[in-house]
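Trainee: Please see the structure below; I have some questions.
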């Protein structure tokens, strides 16, 4: 149970962050004018599509290897903006998916974008493709499309792993403008080294607010900023409290969740109040005291119930 | 209700003996109902579809939110009865977990079918129309067919309770050998081939990124150079040895801070780790905000703007 694992404060902090985000969404809906700073990677989207239009070559979009989750949805929402601009100019698009669920949603989304622009006749069903759900088969398939169709612009946004370099370098070899962003922090340095524009960290999540300026999204973005300020304050407070507390000594140590007297020794980080707030240790003896009645119909062979 | 979700006591309407005609009948009925529901949803007007999708998303998300927030039963043993309301809801949530997981697996299976349909349509049309790359499309279609047929055939052999042990290669039949050739002999090897390409791509990307064009690129080059050198035993032995030679090896002193290994350690702990933590916090909060918008159906901008 998470109250045992992370303590009540973990849940409270999560709820506080949720309040910040929802509160700012409702604030923005009331018409508050909120400011978003310039993000170079997102400004480059129109430039990249314009270049592809001039060259008469397709725009490639890849939402990464992830399943249908918040990351893939965010990537698809950015791609919807790309597809809308491309549809207006009649620029061909290629959206390659590694997950069947993402593929299905992507196909619906892109078709709706073309329809909402009144350009349903320009929509090519084959522009959204399922390639493979195996990492390197997907990498090979996408690289093949880049090389065969000589894409002029490439957008790699989503969950990427080792295949990120294959995509970025292949696109670079055909001279495509690349805009990339990954939620995997291990891949971000690769993208920075190989791509023209990179969305770092939460810039990826700021993209839809930046592109659409929809009050709900802008409010959510401001809520994220408030949350970051709250986390920074927590870090500062924790650093101060730990610094002061660790000047002293302790005579108790937790073993198997129970405080036991020990010889006096200098405090360690694990002994500080702040650490215990976020990582309290369970007392197995207390847990064992919970008594429950047995189900009279219970058959040990049936395998009912679970356990923690 | 608890037993209904746990699918054990009492027997639920979704259960039937393994391999029985009853089970197959129920599977077929469930499949037909599933397909009918998907088709009905696709044919429904947007004004009907939107609230259905929003309510389904909210209910599915609500389960996980409550599952996260509700205290889970501690020290639960098989056959235990809940000790109160809080414990009872905890039991119910815990027992429902695999069922909810299975529902998402069923949806994924439906969607995988659509993915395969996409591949068959694109590459089938290329073969039929004699596209210039039709040969590759034909190989792909043949590969899908062969892998499906031999993979399933091999799986049936492995699942057979009466067949010979396939752990011994001598017991392998034709289908086992073909599956082994297709999967381990071709697919795995090609995967490894693609993976090994990354080493060359890293080299070419690093060459471009580390050229001294700006202050940032120079800093990046210098930092990378120090960290890379710190992983080379011979280099660190020589350079750290120079510091030891100046100050002696007795006690740690101020000069130890200038050892290559210490500088690299400082860079990783003081420069790299905080940056990555900052990125982590941003990504985590972003995912939370996105999840909230999706759960509450506030994310409607993709098509509407």
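Residue numbers (the numbering used here), protein chains in the order written: chain P, 308 to 615; chain X, 159 to 463.
Every residue gets a Cβ at the ideal spot worked out from N, C-alpha and C, and that includes glycine.
1. According to the Cβ coordinates, are residue 523 (chain P) and residue 456 (chain X) closer than 8 Å?
2. Given that a residue counts as buried once 16 or more other Cβ atoms are within 10 Å of its Cβ, and exposed if not, what is residue 276 (chain X)?
3. Does the Cβ of residue 573 (chain P) have 16 or more other Cβ atoms within 10 Å, making it buried, or fewer, making it exposed?
4. Using only alpha-carbon positions, find the residue among P:517, P:487 and P:492 that is nearest to residue 505 (chain P).
5. Residues in the segment 402 to 417 of chain P with C-beta within 7 Å of chain X's C-beta atoms, listed in sequence order?
6. Using a beta-carbon distance below 8 Å, is residue 616 (chain P) in contact with chain X?
7. Relative to the alpha-carbon of residue 143 (chain X), which residue among X:361, X:326, X:424 and X:359 has its alpha-carbon at the smallest distance?
8. State the Cα-Cα distance for the pair residue 581 (chain P) and residue 418 (chain X), rounded to the nearest angstrom.
9. When you compare only the Cα positions, how much space is there between residue 496 (chain P) and residue 243 (chain X)?
10. Can you list the beta strand (DSSP E) stretches of 3 or more residues lying completely in the segment 454 to 493 of chain P, in chain order?
11. Using a Cβ-Cβ cutoff of 8 Å, what residues of the segment 231 to 246 of chain X are near chain P? List them in chain order.
12. Less than 8 Å between the beta carbons of residue 474 (chain P) and residue 435 (chain P), yes or no?
13. With burial defined as no fewer than 16 other Cβ atoms inside 10 Å of the residue's Cβ, what is the status of residue 409 (chain X): buried or exposed?
14. When DSSP builds the beta bridges, which residues end up paired with residue 557 (chain P)?
15. I want to know whether the segment 515 to 531 of chain P touches the segment 320 to 335 of chain P - three or more CB-CB distances under 8 Å.
16. Measuring straight from C-alpha to C-alpha, what distance separates residue 206 (chain X) and residue 196 (chain X)?
17. Between which two residues does the beta strand (DSSP E) harbouring residue 370 (chain P) extend?
18. Can you list the residues of chain P that residue 202 (chain X) reaches, using a CB-CB cut of under 7 Å?
19. Rounded to whole angstroms, what's the CA-CA distance from residue 350 (chain P) to residue 462 (chain P)? Just pull it up for me.
20. Would you say residue 447 (chain X) faces chain B, with C-beta separation under 8 Å as the test?
21. I need the straight-line Cα distance from residue 286 (chain X) to residue 298 (chain X), nearest angstrom please.
22. Pairs of beta-carbons, one from the segment 365 to 377 of chain P and one from the segment 391 to 402 of chain P, closer than 8 Å: are there three or more?
23. In terms of residues, what are the limits of the beta strand (DSSP E) holding residue 504 (chain P)?
24. Do we get a CB-CB distance below 8 Å when we pair residue 577 (chain P) with the residues of chain X?
25. So which residues on chain X does residue 534 (chain P) lean against when the C-beta distance must stay under 7 Å?
26. Check the Cβ of residue 601 (chain P) against every Cβ in chain X and list those closer than 7 Å, keeping chain order.
27. Check whether the Cβ atoms of residue 405 (chain P) and residue 433 (chain P) lie closer than 8 Å to each other.
28. Excluding the five sequence neighbours on either side, which residues of its own chain have a C-beta within less than 6 Å of the C-beta of residue 336 (chain X), listed in chain order?
29. So who's on the other strand from residue 585 (chain P), going by DSSP bridges?
30. To the nearest angstrom, how far is it from the Cα of residue 555 (chain P) to the Cα of residue 549 (chain P)?
31. With 8 Å as the threshold, decide whether the Cβ of residue 312 (chain X) is near any Cβ in chain P.
32. Please report the residue range of the beta strand (DSSP E) in which residue 437 (chain P) lies.
33. Among residues of its own chain, excluding the 5 on either side of residue 463 (chain X), which ones have a beta-carbon nearer than 7 Å to its beta-carbon?
34. Which bits of chain P does residue 484 (chain X) rub up against, with CB to CB less than 7 Å?
35. Distance cutoff 8 Å, beta carbons only. Does residue 456 (chain X) sit that close to anything in chain P?
Mentor: Well, looking at it:
1. yes
2. buried
3. exposed
4. P:487
5. 407, 408, 410, 411 and 416
6. Within the shown structure, residues of chain P are numbered from 308 to 615, placing residue 616 (chain P) beyond reach of any answer.
7. For residue 143 (chain X) there is no data in the structure shown, the boundaries of chain X being 159 and 463.
8. 34 Å
9. 50 Å
10. 460 to 466 and 484 to 489
11. Taking 8 Å as the upper bound on Cβ-Cβ separation, chain P lies near residues 231, 232, 233, 234, 235, 236, 237, 238, 239, 240, 241 and 245 of the segment 231 to 246 of chain X.
12. In this structure, residue 435 (chain P) does not lie closer than 8 Å to residue 474 (chain P) by Cβ.
13. Classification for residue 409 (chain X): exposed.
14. P:572
15. With a cut-off of 8 Å, the segment 320 to 335 of chain P and the segment 515 to 531 of chain P count as touching, because enough Cβ pairs lie within range.
16. 14 Å
17. 366 to 371
18. Within 7 Å Cβ-Cβ: nothing; residue 202 (chain X) doesn't reach chain P, min ~14 Å.
19. 13 Å
20. Given the protein chain composition of this structure (P and X), no chain B is represented.
21. If you take the alpha carbons of residue 286 (chain X) and residue 298 (chain X), they lie about 14 Å apart.
22. Contact holds: three or more Cβ-Cβ distances are below 8 Å.
23. 504 to 506
24. no
25. 443
26. 237, 238 and 239
27. no
28. 308
29. None; residue 585 (chain P) has no bridge partner.
30. 10 Å
31. no
32. 435 to 437
33. With a pLDDT of only 43 at residue 463 (chain X), under 50, the local geometry of the prediction cannot be trusted, and the value read off the model is given with reservation. Contacts found: none.
34. Limits of chain X in this structure are 159 at one end and 463 at the other, which puts residue 484 (chain X) out of reach.
35. yes
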